[in-house]
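Colleague: Submitted below is the structure of interest, expressed as structure tokens.
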Amino acid sequence: MKLIDFHTHTFFSDGELSPAEHIRRAAVAGYYAIGLTDHADYSNYEYIFDSVKKMTDMVEKSSWNIIAIPGVELTHVPAALIGDLTKKARDFGIKLIIVHGETITEPVEPGTNLAAIEAGVTILAHPGLITEADALLAAKNGVYLEITSKKGHGLTNGHVYKTAKKTGAGLVLDSDSHSDSDFLSPEYARAVLAGCGMDENDIQAVFNNNCELLRKLTGFDS
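Taking the working numbering, the leading residue of the sequence shown gets 25, the next gets one more, and so forth.
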């Protein structure tokens, strides 16, 4: 399998490493593709994306043998404003838009999951105890729900998997890494998915979703 991870952070928000070191360490760790999605809101989404894109453009010209995708994670944005900020992000040229979902470990505003799904973002990260109604809409709108290897946020992975399985919502696997110690390995990626109760077919479906989303975002096949 090829390691594809859409949700990671650099020191442009609360990550530990510069974008360059973050990407380089991911390449050495065997990643095929990595998304740089630092936390953003109305105050900084243009700065975050513009700054990261300079690095990802450089990677395209390098011999590092990794695909680096610039993006943002809209975080603690008032639910009523998520649709507006998503549109602004798209107008600014951002293709990889993640919303910080209603994880049970942080005081995310209720309604964030639904607002993100209605806005048609790329990925709803760590959506916590997502409802079946919201998951059904995610399936309809083509919004991927995230299974995460991040401690704390991953406590509801089993619920997210069962709800997605019942409603037909697509799942992707991400690390939400804030340092290279959080990066996934093939073995750990499988273990995280198996820990949700997935069988081999379900695990392969998630890996296929990651590959398909990469193709949609970048045009690269994996």
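Where is the CB? At the ideal position from N, CA and C, for every residue including glycine. Bear in mind the structure is a predicted one, so any value in this text is a computation, not a measurement.
Just to confirm, is the Cβ distance from asparagine 165 to glycine 144 under 8 Å?
Modeller: Position 141 of the sequence shown holds residue 165. Position 120 of the sequence shown holds residue 144. The answer is yes: Cβ separation under 8 Å.
Colleague: Quick one: residues in its chain with C-beta nearer than 8 Å to the C-beta of leucine 179, no 5 flanking neighbours on either side, listed in chain order?
Modeller: Stepping through the sequence shown from its first residue, residue 179 is reached at position 155. Once the five neighbours on either side are set aside, the close Cβ partners of leucine 179 are Ile128 and Thr129.
Colleague: Taking the alpha carbon of threonine 242 as the point to measure from, which residue in Gly59, Leu27 and Met25 has its own alpha carbon closest?
Modeller: For this step, residue 242 is matched to residue 218 along the sequence shown. The shortest C-alpha separation from threonine 242 is found at Gly59.
Colleague: Applying the 10 Å Cβ sphere with the 16-neighbour rule, what's the burial state of lysine 111?
Modeller: The residue you call residue 111 lines up with position 87 of the sequence shown. Exposed is the call here.
Colleague: From Lys175, Leu197, Lys174 and Pro131, pick the residue whose C-alpha is nearest to that of tyrosine 185; which is it?
Modeller: Taking the sequence shown and counting its residues from 1, the one referred to as residue 185 is at position 161. Of the listed residues, the one whose Cα sits closest to tyrosine 185 is Leu197.
Colleague: Go ahead and label proline 94 buried or exposed: buried means 16 or more other beta carbons lie within 10 angstroms of its beta carbon, across all protein chains shown.
Modeller: The residue labelled residue 94 in the question sits at position 70 within the sequence shown. With 16 or more other Cβ atoms within 10 Å, it is buried.
Colleague: Mapping DSSP to helix, strand and coil, what is proline 131?
Modeller: In the sequence shown, counting from the first residue as 1, residue 131 sits at position 107. Proline 131: coil per DSSP, three-state reduction.
Colleague: Of all the beta strand (DSSP E) runs that stay within the bounds of the stretch 120-194, which reach a length of 3 or more residues?
Modeller: DSSP runs (the beta strand (DSSP E)) wholly in the stretch 120-194: 120-124, 147-149 and 168-172.
Colleague: In the DSSP assignment, what are the bridge partners of threonine 61?
Modeller: Position 37 of the sequence shown, counting from 1, holds the residue named residue 61. Paired residues: Gly95.
Colleague: Check this for me: beta carbons of histidine 46 and glutamate 170, under 8 Å apart or not?
Modeller: Residue 46 sits at position 22 when you count from the first residue of the sequence shown. Residue 170 sits at position 146 when you count from the first residue of the sequence shown. No, these two residues do not count as a Cβ contact at 8 Å.
Colleague: Can you give me the start and stop residues for the alpha helix (DSSP H) that leucine 241 sits inside?
Modeller: Working through the sequence shown from its first residue, we reach residue 241 at position 217. It spans 224-242 - the alpha helix (DSSP H) in which leucine 241 sits, taken as one unbroken run.
Colleague: Looking at the secondary structure, which residues open and close the alpha helix (DSSP H) in which isoleucine 118 lies?
Modeller: The count along the sequence shown starts at 1 and reaches residue 118 at position 94. Taken as a continuous stretch (DSSP letters only), isoleucine 118 belongs to no alpha helix (DSSP H), as it is neither H nor E.
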